[in-house]
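Protein sequences, first through last, are from chains X and A.
Just so we're aligned, residue 53 is where the first sequence starts under the working numbering, counting upward by one.
Just so we're aligned, residue 3 is where the second sequence starts under the working numbering, counting upward by one.
For each residue, glycine too, the CB sits at the ideal point set by N, CA and C.
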Amino acid sequence: MSRLNVLLAGVGGQGLITLASVMAKAGVIEGTKVLVAETHGLSQRGGSVEVHVRFGRVESPLIPPGGAHVVVALEAIEALRSLKYMNHSTLVLVNRRVIRPNLPGVKAPSLEEILEELGKAGVKVLDIPATDLAIRAGSSLAANMVMLGALLATGALDGYISRGGVEKVLETMPPRWRRVNLEALRLGYGALRETEA
Amino acid sequence: MVLLGNEAIARGAIEAGIGWASAYPGTPSTEIVEALHRVAKQLGIHVEWSTNEKVAFEAAYAAAMAGVRSLTAMKHVGVNVAADPLMTSAYTGVEEGFVIVTADDPGMWSSQNEQDNRWYGLHAFIPVFEPYSPTEAKDLAREVFEFSSRMKHPAFLRTTTRVSHTRGPVTLSEPRKPLATGSFRKQPERWTIVPAHARVLRRRMLERWEKIGEEVERFPFNRVERHGTEVAVIASGIAYGHVIDALEELGVRDQVTVLKLATTVPAPRKLILDVLSSHKRVLVVEELEPIIEWEAKRIAYEERLDTEIHGKDYVPRVGELTLHRVASAIAEYLGLGGVPWRPVDHEPKVKPPPRPPTLCPGCPHRGLFYALRRAVNRAGVKPIYSGDIGCYSLAVLPPFRMQDTMIEMGGSVGLANGFAHVDREKIPVATIGDSTFFHAGIPGLINAVYNRSPMLVVVLDNRVTAMTGHQPHPGTGFYPTGEPAPVVSIENVARGVGIEYVETVDPFNLEETEKAVQGALDHIRRTGKPAVVVSKRACTLLVDAAARRKGVEAPLYTVDQDKCTGCGICYNAFSCPAISPINGGKAAIDPTLCTGCGVCVQVCPHDAIVLERPGDPEWEKLWF
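Below, the structure written as structure tokens:
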């Protein structure tokens, strides 16, 4: 079917809306319809955030449970929380980072436990050290672009948006961010190639 | 280009040639007027953040009385604040287009209720228009201005969260030249609502309402997509998008007629009648209340039709609609045996712990609540924490649990007035933000002075309307453009209305804050009169952003692992998100999250938190 559902998951403040917005703008450049459903306001403050990105012949902005072709998680616990959106052919990209929920007495599962659970669920998981690579690119906030680079490298977005389109969008950012984001995108693209090799 | 639904509405308003826009920020409506602020100067139009929705409404209403196309935008509950002038605006009508955007929040993503403001349209005789996507929102906004101008009658543009906060492709058209100034023509029989005038105006309004009912029959954004004569679905707003994709995914798009409605109040009677009378069964899919469904049933009754009409018996009334919920409802209605999506069948042993929204690292509210609780405990006061709407609402969660009531904007001060007199064993402690104080807190404070309510009002002044994305307000000292603005001082307002005890504290200084609160509680007990403490520190996110922009480094703190005993005060009782337990419960600070506020140093009883890297001397100067 000529549509692609990409669910972005993470913690408020990690740059999910920016990530989705870059994908949507790349869509316009390449003539692909993109709808992005976001979460703002109260639900954003350091809490779980889901952003739905739908490409192709779509009129509803929301991805149904079991309907995600791809899940991109900027934080590992949030990947596990997104399990309901996954089906057996979903591709899951996980940032190798766990952020402990800010509640007294909460014990956060480890990255290894989370990856093991996702493995048991039978989905295809690629884990990427996105925050480390983002710091190398110049800012931990660029982990979103590392993940986008990795996602482009998987080929999952082929036919919808391309690396060239995304780079064109990043070129329009203020100079300080342009450099960091382009580098982050490049590192993410390369990292995935290494993981898969 | 790609626009957020709200930005698309702003663009539609610009294309319609508006000369005025006023609003009070509120999720999910904020980005409409925020977007207009960015181009106000260039277009030469007036755009303002008003102190509350009532003032925003009145000011925009006046512009339309004087012949200037105007827009006001608010979240659904904001319309409650503006309801007084709203209810009379249809009586007087307007001289030029006047569009009220109501952004409803089904699912209560950022709200206290999920009221369906289409009721307001029925209640106030104001037509309601609903876009289903950002693409349509732009064109519909423009068209609604034309409609309102033509009818000389106010109009609602109603969105829901998933229209306002969906980004999608929008094609721009040439804007009309904006007209920012007008001329008010005196017509006391129209603009002054004394009973003798109002009786005449009500009849005229009902005549206009008839005419509006005829107009919506040919409104270009309603349409019938005809497929057979067996089943039809009627859908309005975002529900239309879900219905189209659901029919596609279920493989029945070419077997079901769809009536897409953009005008829900008044509903286009003939159009609905046509669909009802040409199909055996009709399902109405709409978010929240069964407004179209009841209208359809009324029409069927009046026309003696035996068409089967369903709606809320299949489509959920609670919560927002989703593609999944709509597809499930249609599958059940058509007997299709379920939806086509199959989630993984795996019950994880490791459960993701809940992650509710939280006060940010470095949030000045965290220091305030920490010190406030200590002061209240030390004074032996039994508090009622009368809460309010803003980032500080998050203190409802552990570890603070310091919002015992929370109803609506400004409600903290109003409720405290009641508690103060009926529950004499306790002292009400109202916590209210700076923007919320200006919005609706002041009348309650005056009431407390006049009626001698023994209560404490703590104003959490973080110098901005933070929750909705940092809009300036009358206390901030600047406009959205960054230009300087007059400052209304919260302390002066409090003193001016007769509060005798007014203290300003820095919530990053816990000792000073505790002392001021204790002083206030003493004053209340001694005199039986209200007291005010203003907790003043800018929102960390603003300072953080400024620091990044200017390349100024913040201080960084770290935990001396030899001194840390793992008591957990910093990550549990103080609950800074930048601090987490590591092996054996000892604390560790995440350098990517630490903002350098240094309050944890004061919290640690073992002096285990130390400065790792001092900040740039410029950093201190960024705070305001």
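| Asked | Found |
| --- | --- |
| Can you tell me whether phenylalanine 186 (chain A) is buried or exposed? The criterion is at least 16 other CB atoms within 10 Å of its CB, across all chains shown. | exposed |
| If you draw a straight line from the alpha carbon of valine 58 (chain X) to that of glutamine 473 (chain A), how long is it in whole angstroms? | 31 Å |
| Any beta-carbon of chain A closer than 9 Å to the one on lysine 176 (chain X)? | no |
| In the DSSP assignment, what are the bridge partners of phenylalanine 131 (chain A)? | A:Leu159 and A:Thr265 |
| Between the Cα of valine 218 (chain X) and the Cα atoms of X:Ser162, X:Leu203 and X:Arg228, which residue gives the shortest distance? | X:Leu203 |
| Whole angstroms are fine: how far does the CA of threonine 94 (chain A) sit from the CA of alanine 65 (chain A)? | 14 Å |
| What residues from chain A crowd round asparagine 233 (chain X), counting only those whose CB sits closer than 7 Å? | What asparagine 233 (chain X) touches in chain A: nothing, since even the nearest Cβ is about 14 Å away. |
| Name, please, each residue of chain X whose Cβ falls closer than 8 Å to the Cβ of arginine 164 (chain A). | Ala89, Pro113 and Leu114 |
| What do you reckon, are the CB atoms on aspartate 390 (chain A) and threonine 433 (chain A) nearer than 9 Å? | yes |
| Please state whether DSSP places valine 74 (chain X) in a helix, a strand or coil. | helix |
| What in chain A is Cβ-close to alanine 160 (chain X), meaning under 7 Å? | Pro355 |
| Where does histidine 167 (chain A) sit, in a helix, a strand or coil, going by DSSP? | coil |
| Quick one: what does DSSP say lysine 623 (chain A) is sitting in, helix, strand or coil? | helix |
| Out of A:Phe402, A:Ile311, A:Leu290 and A:Glu289, state which residue places its alpha-carbon closest to the alpha-carbon of arginine 283 (chain A). | A:Ile311 |
| Inspect the CB distances between the stretch 409–427 of chain A and the stretch 446–466 of chain A and report whether three or more fall short of 8 Å. | yes |
| Once DSSP output is grouped into helix, strand and coil, what is the label at phenylalanine 149 (chain A)? | helix |
| Got a sec? Which residues, its chain only, sit under 6 Å from methionine 469 (chain A) by beta carbon, not counting five neighbours each side? | Gly392 and Cys393 |
| Is arginine 160 (chain A) buried or exposed, if buried means 16 or more other CB atoms sit within 10 Å of its CB? | buried |
| Can you tell me whether proline 366 (chain A) is buried or exposed, with buried defined as 16 or more other CB within 10 angstroms of its CB? | buried |
| Would you grab the beta carbon distance between leucine 417 (chain A) and isoleucine 429 (chain A) for me? Rounded to a whole angstrom, and I think it's under 8 Å. | Contact doesn't hold; Cβ gap of about 13 Å is too wide. |
| Could you name the residues of the same chain whose beta carbon sits closer than 6 Å to that of methionine 53 (chain X), not counting the 5 residues immediately before and after it, in chain order? | Its pLDDT being 44, under 50, methionine 53 (chain X) is placed unreliably in this model, and the coordinates cannot settle the point. |
| Kindly indicate which three-state DSSP category serine 54 (chain X) falls into: helix, strand or coil? | coil |
| Considering only the beta carbon of each residue, do arginine 71 (chain A) and glutamate 98 (chain A) sit closer than 9 Å? | yes |
| May I ask you to list, following chain order, the residues of the stretch 123–143 of chain X that have a beta carbon less than 8 Å from some beta carbon of chain A? | Ile129, Glu130, Leu132, Arg133, Leu135, Lys136, Tyr137, Met138, Asn139, His140 and Thr142 |
| To the nearest angstrom, how far is the alpha carbon of serine 1 (chain A) from that of alanine 241 (chain A)? | Only positions 3 to 626 of chain A appear in this structure, which leaves residue 1 (chain A) out of reach. |
| Hey, could you find the ends of the beta strand (DSSP E) glutamate 98 (chain A) is sitting in? | No beta strand (DSSP E) holds glutamate 98 (chain A); DSSP gives it neither H nor E. |
| Which residues in chain X sit within 7 Å of proline 579 (chain A), going by Cβ to Cβ distance? | Gly98 and Asn154 |
| Hey, is the stretch 99–117 of chain A in contact with the stretch 133–142 of chain A, meaning 3+ C-beta pairs nearer than 8 Å? | no |
| Report buried or exposed for threonine 224 (chain X), applying the criterion of at least 16 other Cβ atoms within 10 angstroms of its Cβ. | exposed |
| If contact means a Cβ-Cβ distance below 8 Å, which residues of the stretch 64–81 of chain X contact chain A? | Gly64, Gly65, Ala72, Ser73, Ala76, Lys77, Gly79 and Val80 |
| On the CB-based measure, 16 or more other CB atoms within 10 Å of its CB, does threonine 231 (chain A) come out buried or exposed? | exposed |
| Kindly indicate which residue of A:Leu523, A:Ala533, A:Thr515 and A:Lys517 has the alpha-carbon position closest to the one of isoleucine 448 (chain A). | A:Ala533 |
| Beta-carbon of alanine 329 (chain A) versus every beta-carbon of chain X: anything under 9 Å? | yes |
| Looking only at C-alpha atoms, which of A:Leu336, A:Arg306, A:Thr74 and A:Asn464 sits nearest to tyrosine 316 (chain A)? | A:Leu336 |
| Starting from isoleucine 581 (chain A), trace the beta strand (DSSP E) both ways and give me its first and last residue. | 581–583 |
| Could you tell me the distance, in whole angstroms, from the CA atom of lysine 588 (chain A) to the CA atom of cysteine 566 (chain A)? | 6 Å |
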